[in-house]
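Undergrad: In terms of my numbering, the sequence shown opens at residue 37 and continues consecutively.
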Amino acid sequence: MGHLGYIAAAYGVSIVAIGGLATWLLTDMAARRRELDRLHKAGYRRRSDKREIVHETE
């Protein structure tokens, strides 16, 4: 059982690091969504959201 402490510590550090990254990503994603909703409500649109304008020629 000489290496058990090292292995447990390595797993613990990995779990904490991955959990921290996941938490950071989820909170940042929520902040970006709130920001996009705010911009959308203010009238800003994405460039790729352009609607095709059809001109009738008669």
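All residues carry an ideal CB built from backbone N, CA and C; glycine is no exception.
(1) Grouping DSSP H, G and I as helix and E and B as strand, with all else coil, what is Tyr47?
(2) Look at the alpha carbon of Ala78 and the alpha carbon of Thr63, and state the distance between them as a whole number of angstroms.
(3) For Leu61, which residues from the same chain have a beta carbon less than 6 Å from its beta carbon, with the 5 sequence-adjacent residues on both sides left out?
TA: Per the coordinate set shown:
(1) One-based indexing of the sequence shown puts residue 47 at position 11. In the structure shown, Tyr47 sits in a helix (DSSP, three-state: H, G or I).
(2) As a first step, residue 78 must be located in the sequence shown, where it is residue number 42. As a first step, residue 63 must be located in the sequence shown, where it is residue number 27. Straight-line Cα distance between these residues: approximately 23 Å.
(3) The sequence position of residue 61 within the sequence shown is 25, counting from 1. Nothing meets the Cβ criterion.
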